[in-house]
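Student: Chains as they are written, first to last, in our numbering: chain A, 27 to 221; chain B, 21 to 264.
Every residue gets a Cβ at the ideal spot worked out from N, C-alpha and C, and that includes glycine.
Quick one: this structure, given as structure tokens, is what I'll be asking you about.
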């Protein structure tokens with residue numbers, strides 16, 4: 027490809043040369059009058075340009091680019107670090123929240139159990155007390171029931187003696203009355219204390 | 021004004037005649053535009069590298085983009101071994117580009133439209149690359165002329181062709197740039213002349229041509245600088261990494 031371009035260039039060169047040769051008497055480029063001057067000034071200007079660019083300007087541009095790259099990568103690194111930190115923080119926060127929740131649950135459960143236990147204990151005590159009271163009352167009732175006929179008999183005897191005294195004005199021996207009451211109560215006992 | 025389209029390429033003395041021995045090294049219009057181009061490059065890149073702000077200014081961006089552009093071009097074509105020659109290729113690219121671009125301004129002189137200038141650059145590159153090749157590979161550099169996988173019968177012919185192709189590198193490199201610049205500028209001058217000679221009535225067509233040609237020439241100015249630099253990189257690549 028390069029060779030082709032070269033040949034084309036050559037053809038073009040000769041074409042141009044022929045076209046304008048008749049008119050101008052050749053190309054100024056082929057006039058060697060100032061060749062040495064051009065070589066000299068090319069060497070000087072290009073040499074100075076090369077030295078100044080390579081020693082002064084290009085290192086500065088390179089340093090600028092490098093420092094920018096460094097700064098950007100530093101910033102990215104810092105951002106990355108902060109992101110990681112915040113991630114760790116949020117994890118910590120979540121853990122705390124989770125722990126708090128489970129703690130609260132535990133505490134609640136404990137309190138509930140304790141309360142239930144208390145309630146149960148108190149209920150037992152109360153049940154016992156109630157049982158006792160009931161037993162006591164029952165025994166009292168039984169006692170009263172047991173005592174009742176005797177007392178009634180006594181009341182009956184006393185009432186009977188009083189009544190007779192009031193009615194006929196005679197003192198009647200309590201023992202005779204009690205014998206009658208006993209006899210009556212035995213007869214009618216079932217009627218009064220039907221158990 | 022039937023100006024000769026070749027007069028724009030004429031070199032004339034500015035100031036007194038300076039002679040060293042038999043050699044005339046007077047300051048000419050060609051010298052002036054070499055100096056102008058070099059100084060313009062130095063000023064632009066100096067301003068572009070002075071302040072290092074994280075958000076680049078326009079000139080800084082220009083300088084840095086040029087730097088990365090050339091840097092990428094070199095690493096793509098010649099690899100990392102060509103790093104030490106970065107400054108040279110950068111200077112070369114910028115010098116040719118600025119000379120071409122300054123030539124696009126009316127009434128200026130195009131330094132690169134002179135075969136002697138482009139040939140000197142190309143010859144310097146050719147000699148430099150050859151020296152680098154021999155330093156890196158010794159006489160092994162001659163293997164460049166012996167491609168692998170060629171039948172033995174054809175080998176003498178191939179070697180001769182390769183040697184001719186190698187020796188014609190400075191010529192092709194210099195003539196390509198010179199011919200492109202000269203042809204473009206001549207064409208623009210010719211069309212400009214048509215505009216004048218055809219006048220208000222018929223001058224519009226060559227004028228529109230002239231406008232289009234200006235755009236094309238600006239493209240060519242950049243492209244030829246790029247081609248010049250990239251071919252230098254390719255030659256350097258041959259010398260640094262012997263592939264054959």
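Beta-carbon of residue 151(B) versus every beta-carbon of chain A: anything under 9 Å?
Tutor: no
Student: Closer than 7 Å by beta-carbon distance: list the chain B residues that pair up with residue 66(A), in chain order.
Tutor: Taking the beta carbon of residue 66(A) as reference, the chain B residues within 7 Å of it are 45, listed in sequence order.
Student: Short of 8 Å Cβ to Cβ, which residues in the stretch 74 to 91 of chain A face chain B?
Tutor: Of all residues in the stretch 74 to 91 of chain A, the ones placed with a Cβ closer than 8 Å to any Cβ belonging to chain B are 74, 75, 76, 78, 79, 80, 82, 83, 84, 86, 87, 88, 89, 90 and 91, in chain order.
Student: Indicate the three-state DSSP secondary structure (helix, strand or coil) for residue 47(B) in the structure shown.
Tutor: coil
Student: How about residue 111(B) and residue 198(B): do their beta carbons lie closer than 9 Å?
Tutor: no
Student: Would you check whether the ligand HEM has a heavy atom nearer than 8 Å to the C-beta of residue 169(A)?
Tutor: Looking at this structure, you won't find the ligand HEM or any other ligand, since it has none at all.
Student: Do the stretch 140 to 155 of chain B and the stretch 201 to 215 of chain B meet, that is, are 3 or more Cβ pairs less than 8 Å apart?
Tutor: no
Student: Apart from the five residues on each side of it in sequence, which residues of its chain come closer than 6 Å, Cβ to Cβ, to residue 206(B)?
Tutor: The answer, listed in chain order, is 25.
Student: With DSSP collapsed to three states, give me the class of residue 32(B).
Tutor: coil
Student: Under 9 Å, Cβ to Cβ, is there at least one residue of chain B near residue 60(A)?
Tutor: With 9 Å as the cut-off, residue 60(A) counts as an interface residue toward chain B.
Student: State yes or no: is the C-beta of residue 63(A) within less than 9 Å of the C-beta of residue 232(B)?
Tutor: no
Student: Whole-angstrom Cβ separation of residue 113(B) and residue 249(B), contact assumed at under 8 Å?
Tutor: Rounded, the Cβ-Cβ distance is 4 Å, consistent with contact.
Student: My output table needs one value for residue 95(A): the three-state DSSP class, helix, strand or coil.
Tutor: helix
Student: On the criterion of 16 or more Cβ atoms from any shown chain inside 10 Å, does residue 196(B) qualify as buried, or is it exposed?
Tutor: buried
Student: When you compare the CB positions of residue 77(B) and residue 54(A), do they come within less than 9 Å of one another, or not?
Tutor: no
Student: How long is the line joining the alpha carbons of residue 196(A) and residue 185(A), rounded to whole angstroms?
Tutor: Each residue's alpha carbon lies about 14 Å from the other.
Student: With a cut-off of 8 Å, do at least 3 Cβ pairs link the stretch 83 to 97 of chain A to the stretch 66 to 82 of chain B?
Tutor: The count of Cβ pairs closer than 8 Å, one atom from the stretch 83 to 97 of chain A and one from the stretch 66 to 82 of chain B, reaches three, so the stretches are in contact.
Student: Can you tell me the Cα-Cα spacing of residue 118(A) and residue 111(A), whole angstroms?
Tutor: 10 Å
Student: Please tell me whether residue 72(A) has its Cβ less than 9 Å away from any Cβ of chain B.
Tutor: yes
Student: Indicate whether at least one CB of chain B lies closer than 9 Å to the CB of residue 49(A).
Tutor: Low confidence applies to residue 49(A): its pLDDT is 47, below 50, so where it sits in the model is not reliable, and the reading given next is rough at best. Contacts with chain B at 9 Å (Cβ-Cβ) include residue 49(A).
Student: If the cut is a Cβ gap below 9 Å, which residues of chain B does residue 112(A) touch?
Tutor: Within chain B, no residue comes near residue 112(A); the closest Cβ sits about 25 Å away, beyond 9 Å.
Student: Here's the rule: buried if 16 or more other CB atoms are within 10 angstroms of the residue's CB, otherwise exposed. What is residue 88(B)?
Tutor: exposed
Student: Does the stretch 140 to 150 of chain A touch the stretch 167 to 174 of chain A, meaning 3 or more C-beta pairs lie closer than 8 Å?
Tutor: no
Student: Tell me the DSSP secondary structure of residue 71(B) in three-state form.
Tutor: coil
Student: In the DSSP assignment, the alpha helix (DSSP H) including residue 176(B) goes from what residue to what residue?
Tutor: 175 to 187
Student: Do residue 120(B) and residue 242(B) have their C-beta atoms within less than 9 Å of each other?
Tutor: A distance below 9 Å separates the beta carbons of residue 120(B) and residue 242(B).
Student: Using beta carbons (cut-off 9 Å, strictly below), is residue 97(A) in contact with chain B?
Tutor: Yes - at least one Cβ of chain B is within 9 Å of the one on residue 97(A).
Student: Which complete beta strand (DSSP E) runs does the stretch 210 to 241 of chain B hold, if anything under 3 residues is left out?
Tutor: none
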